[in-house]
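So the structure is just underneath, and the comments pick up after that.
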Amino acid sequence: MTFDNVTVAVAKGRILEGAETLWEQQGLPWPIDKESRKLWFSPEAARPGMLIARARDIPTFVAMGIADLGIVGLDVLEEHPNAQIIQVADLHFATCRVVLAGKERQWPAGPTRIATKYQRIAQAYFAVHHHPVEIVPLSGSLELAPVIGLAPYIVDIVDTGSTLRQHQLVEIATIMESSARLIANPSHWRTKPALEQLRNRLNP
Amino acid sequence: MDEWLKQNRSEYALMIRVINQFLAQSFFPVPTAPAQSGHYREDHTQSILELLSSFPESHLNLPLKVFSLGPVYDPGHGRWAETVDVEILGEGGPQHELMAVQLIMQLIEQWPRLAEKTVMVMGHLGLLDQAMAAEAVLPVVRHSVRDALRAGNLVQAESLLAPTSPKTRRLLLPKTYDDFVRALQDTLPEADFDHIARLQNAIDQHMATRWDLSLTGNWPYYTDLVFSLYLKDIGQPLLNGGRFMADVHGRTWHGVGFTLYLDSLYQAVQQEMEQESHDL
Chain V
1 MTFDNVTVAV
11 AKGRILEGAE
21 TLWEQQGLPW
31 PIDKESRKLW
41 FSPEAARPGM
51 LIARARDIPT
61 FVAMGIADLG
71 IVGLDVLEEH
81 PNAQIIQVAD
91 LHFATCRVVL
101 AGKERQWPAG
111 PTRIATKYQR
121 IAQAYFAVHH
131 HPVEIVPLSG
141 SLELAPVIGL
151 APYIVDIVDT
161 GSTLRQHQLV
171 EIATIMESSA
181 RLIANPSHWR
191 TKPALEQLRN
201 RLNP
Chain C
1 MDEWLKQNRS
11 EYALMIRVIN
21 QFLAQSFFPV
31 PTAPAQSGHY
41 REDHTQSILE
51 LLSSFPESHL
61 NLPLKVFSLG
71 PVYDPGHGRW
81 AETVDVEILG
91 EGGPQHELMA
101 VQLIMQLIEQ
111 WPRLAEKTVM
121 VMGHLGLLDQ
131 AMAAEAVLPV
141 VRHSVRDALR
151 AGNLVQAESL
161 LAPTSPKTRR
171 LLLPKTYDDF
181 VRALQDTLPE
191 ADFDHIARLQ
201 NAIDQHMATR
211 WDLSLTGNWP
221 YYTDLVFSLY
231 LKDIGQPLLN
241 GGRFMADVHG
251 RTWHGVGFTL
261 YLDSLYQAVQ
271 QEMEQESHDL
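Which chain is which? The protein sequence lines are V and C, in order. In case it helps, the working numbering puts the first sequence at residues 1 to 204. In case it helps, the working numbering puts the second sequence at residues 1 to 280.
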C-alpha cells in the first residue's frame with residue numbers, strides 16, 4: 001500500500017510535535033524540513049502528504065476533502081463541531097484537560113462570570129449543572145482574567161497546570177479530557193483503503 | 001460573466017434532464033417550502049410527508065413515487081445546496097430498497113463516464129443492530145453505538161464495542177462486498193444474504209461498491225439500508241439515502257428515498273455535457 005494519494009492536515013503546535021514523534025515511531029518519513037516555512041508537502045509513495053494549519057481550520061480542510069485525514073485535539077472538535085467529518089482514532093498524544101479554574105478551589109456561589117476561549121464547551125457544562133453564567137469570550141491569556149478582575153473563573157486547557165499555579169489559580173473541576181484525534185473525510189475514508197492502512201499504523 | 005452565465009445554464013439543463021428522468025419513471029413532483037417552522041429546509045423528506053399527510057389515508061394509493069426539488073440549507077458550510085429528493089413510499093421493504101438502487105443506476109447510466117468516477121457505499125442499520133444483538137450487546141449500548149456513529153464518532157462506537165463485540169467492530173470498517181459477506185456470515189449467519197446479493201448485483205455491474213456498517217445516514221428516521229454515492233477523490237457525496245420510517249402527524253410512513261446533490265453531479269458530468277453539446 002502506498003500513500004501517494006493521501007494527504008493529512010495537522011494542527012500547528014503540540015499536535016504537530018506529537019505527530020512528528022508518531023511518524024518516526026511508525027517508520028514514516030517526516031516531510032517537514034525544520035528550516036522551511038512551507039505549510040504544504042505533497043504526498044509520496046512512502047508517506048502521505050501534509051498540510052499544516054491552525055487547529056480550528058483542520059476540520060474544515062478535511063470536511064471539504066482538501067485533506068483526507070486530519071490530526072487535531074478533541075477539545076477543538078468539541079468546541080467547533082463539524083458534522084462532515086468522522087473521528088477514526090484516538091492517537092493518545094497531546095493529552096490535556098479542559099478545566100474550570102479560579103482563585104480558590106470552590107464551586108461558584110450563584111451567578112458568575114467565566115472567561116474562556118471554549119464558549120461552547122463551557123456553556124454546555126454549566127447548562128448540565130443548571131448554573132447561571134455569563135461567558136466572557138477571550139482568545140488567549142485567560143489566566144489574567146481573575147487577576148485583573150475581568151472574571152473570577154476561567155475555563156481553559158491545562159497540561160501540567162504550571163501556568164495556572166504561576167497565576168495563583170487552582171483547578172476546581174475537570175470538564176473534559178482531550179487528546180489528539182485522527183479525523184477523516186467520510187467520502188475518502190470509505191473509498192480509499194490507504195486511509196485505514198495509515199490509521200492502523202498510527203494507532204496500532 | 002459569459003462563463004458564469006453558461007455554467008448556470010448548463011446546471012439548469014442538468015436539473016431538467018434529471019427531473020425528466022423521474023417524470024418518465026412515473027414519479028410525481030411534490031412542491032415543498034424552503035422553510036419549515038422558522039427553520040431553513042435541510043431535508044425535503046419531512047416536508048413531503050407533511051404535505052402528503054394532509055390527505056385522508058383513503059386517498060393514498062401506495063406505493064407512491066414522488067420527488068421534490070429545490071435548495072436545502074447546509075449549516076456546516078453555511079450555504080444552500082441544490083438538490084432533488086426522491087421517495088418511494090409504501091411498505092418500504094427490501095423490494096423498495098432494490099427499486100431505489102436500480103433507479104439510481106439508471107440515472108448514473110445517463111452519463112457513460114460517470115460510473116467509473118463513483119463508488120457506492122452501503123450501510124445497514126438493521127444488520128448493525130442484529131449483529132450487536134447476536135454478540136449480546138445491551139440495548140442501551142446498541143443505542144449509544146448508533147448515536148455515536150450518527151455523530152461521526154467511530155472512536156466512541158469502537159470503544160463501546162471493544163470489550164465484548166469484536167465481530168461487530170470489524171463490520172464498522174469499509175470493505176469489499178466479498179470481505180463484508182465473509183465478516184457478516186461470521187457474525188450473523190442468519191442474515192438475508194440473498195437480498196444483500198441482489199443489491200450488490202444491481203450496483204456491481206455499473207460501479208465499485210464498499211460495505212460499511214458505520215454508515216448510518218444523516219437522519220434519525222433511517223431504519224435499514226443506507227447508502228451514499230461518493231465521487232472518487234472529490235470528498236463529497238453525489239447522493240445519500242436509505243430506507244426509513246417516519247411518524248408525521250400521527251401517521252406512520254415507510255419508504256426508501258435519496259437526496260441527489262446537483263452541484264456534485266454537475267461537477268462530475270460537466271465535461272461530458274460540454275462534449276455532448278459540442279458534438280451536437
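Glycine included, every Cβ here is placed at the ideal spot set by N, Cα and C.
Problem - Own chain partners of residue 41/V with C-beta closer than 6 Å, once the 5 adjacent residues on each side are dropped - result: Exclusion of the five residues before and after residue 41/V leaves 31, 49 and 50 as the residues of its chain whose Cβ lies within less than 6 Å of its Cβ.
Exercise for the section: Per DSSP, which residues does residue 44/V bridge with? Please list them. Expected result: 47/V
Practice task
Compute the beta-carbon to beta-carbon distance between residue 281/C and residue 234/C, rounded to the nearest angstrom, for a pair I have assumed lies under 8 Å.
Solution key: Residue 281/C lies beyond the residue range present for chain C, which begins at 1 and ends at 280; the question has no answer from this structure.
Problem - Pairwise C-alpha distance: residue 91/C and residue 254/C - result: 6 Å
Handout entry: is_contact[residue 178/C, chain V] using C-beta, thresh 8 Å
Key = With a threshold of 8 Å between beta carbons, residue 178/C makes no contact with chain V.
Problem - Contacts of residue 215/C in chain V (Cβ-Cβ under 9 Å) - result: 186 and 190
Handout entry: residue 236/C at chain V interface by Cβ criterion, 8 Å
Key = Yes, because at least one Cβ of chain V sits closer than 8 Å to the Cβ of residue 236/C.
Handout entry: Partner residues on chain V for residue 119/C, Cβ-Cβ distance less than 7 Å
Key = 191
Exercise for the section: Taking residue 131/C and residue 188/C to be in contact with their CB atoms under 8 Å, please state how far apart those CB atoms are, rounded to whole angstroms. Expected result: Between residue 188/C and residue 131/C the Cβ distance is about 5 Å, and since that is below 8 Å, they are a contact.
Practice task
Round the Cβ separation of residue 99/V and residue 46/V to the nearest angstrom and send it over; I've been treating them as touching at under 8 Å.
Solution key: With a Cβ gap of about 41 Å, residue 99/V and residue 46/V do not count as contacting.
Exercise for the section: Give a yes or no on whether the minimum CB-CB distance between residue 64/V and chain C is below 8 Å. Expected result: yes
Practice task
Can you pull the chain V residues whose beta carbon is under 8 Å from the beta carbon of residue 155/C, in chain order?
Solution key: 87, 88, 89, 90 and 181
Problem - Exposed unless 16 or more other CB atoms sit within 10 angstroms - verdict on residue 219/C - result: Buried: at least 16 other Cβ atoms inside 10 Å.
Practice task
Show which residues of chain C have a CB atom less than 9 Å away from the CB atom of residue 79/V.
Solution key: Correct list: empty, because the minimum Cβ distance to chain C is about 15 Å.
Practice task
Would you verify that the beta carbon of residue 196/V is, or is not, closer than 8 Å to some beta carbon of chain C?
Solution key: With 8 Å as the cut-off, residue 196/V counts as an interface residue toward chain C.
Handout entry: Inter-residue spacing [alpha-carbon to alpha-carbon] between residue 207/V and residue 190/V
Key = Residue 207/V is absent from the structure shown; chain V starts at 1 and stops at 204.
Practice task
Taking 8 Å as the threshold, find out whether the segment 54-71 of chain V comes into contact with the segment 6-13 of chain V through three or more Cβ pairs.
Solution key: yes
Problem - Stretch pair the segment 29-38 of chain C + the segment 64-82 of chain C: three plus CB contacts closer than 8 Å - result: yes
Exercise for the section: Report yes if the C-beta distance between residue 91/V and residue 203/V is below 8 Å; otherwise report no. Expected result: Cβ distance < 8 Å, so residue 91/V and residue 203/V count as in contact.
Handout entry: Short CB-CB distance (under 8 Å) between residue 173/C and chain V
Key = yes
Exercise for the section: Starting from the Cα of residue 81/V, find the closest Cα among 192/V, 113/V, 119/V and 146/V and give me that residue. Expected result: 119/V
Problem - contact_flag[the segment 198-211 of chain C, the segment 10-29 of chain C] where n(CB pairs < 8 Å) is 3 or more - result: no
Practice task
Given a cut-off of 8 Å, decide if residue 273/C and residue 10/C are closer than it, judged by their beta-carbon atoms.
Solution key: yes
Exercise for the section: Could you have a look at residue 221/C and say whether DSSP puts it in helix, strand or coil? Expected result: coil
Handout entry: Cα-Cα separation between residue 183/V and residue 6/C, rounded to whole angstroms
Key = 38 Å
Practice task
Classify residue 143/C as buried or exposed, calling it buried when 16 or more other Cβ atoms lie within 10 Å of its own Cβ.
Solution key: With fewer than 16 other Cβ atoms within 10 Å, it is exposed.
Problem - Touch test, the segment 74-88 of chain V against the segment 137-145 of chain V, Cβ-Cβ under 8 Å, three pairs minimum - result: In short, these stretches do not touch, since the Cβ pair count stays below three.
Handout entry: Where the beta strand (DSSP E) containing residue 134/V begins and where it ends
Key = 133-137
Practice task
Report yes if the C-beta distance between residue 87/V and residue 153/C is below 8 Å; otherwise report no.
Solution key: yes
Problem - Proximity to residue 97/V [Cα-Cα], best of 160/V, 195/V, 169/V and 3/V - result: Nearest option by C-alpha distance: 160/V.
Exercise for the section: Pair every Cβ in the segment 82-89 of chain C with every Cβ in the segment 37-48 of chain C, then say whether three or more of these pairs are closer than 8 Å. Expected result: yes
Handout entry: With 16 other Cβ atoms within 10 Å as the buried cut-off, status of residue 97/C
Key = So residue 97/C counts as buried.
Exercise for the section: Output yes if chain C places a C-beta closer than 8 Å to the C-beta of residue 83/V; else output no. Expected result: yes
Exercise for the section: For residue 146/C, decide whether its Cβ has a neighbour in chain V, counting only Cβ atoms nearer than 8 Å. Expected result: Among the residues facing chain V, residue 146/C is not included, as its CB has no counterpart in that chain under 8 Å away.
Practice task
Starting from residue 189/V, trace the alpha helix (DSSP H) both ways and give me its first and last residue.
Solution key: Counting along the chain, the alpha helix (DSSP H) containing residue 189/V begins and ends at 186-191.
Exercise for the section: Kindly indicate which three-state DSSP category residue 234/C falls into: helix, strand or coil? Expected result: Three-state result, residue 234/C: coil.
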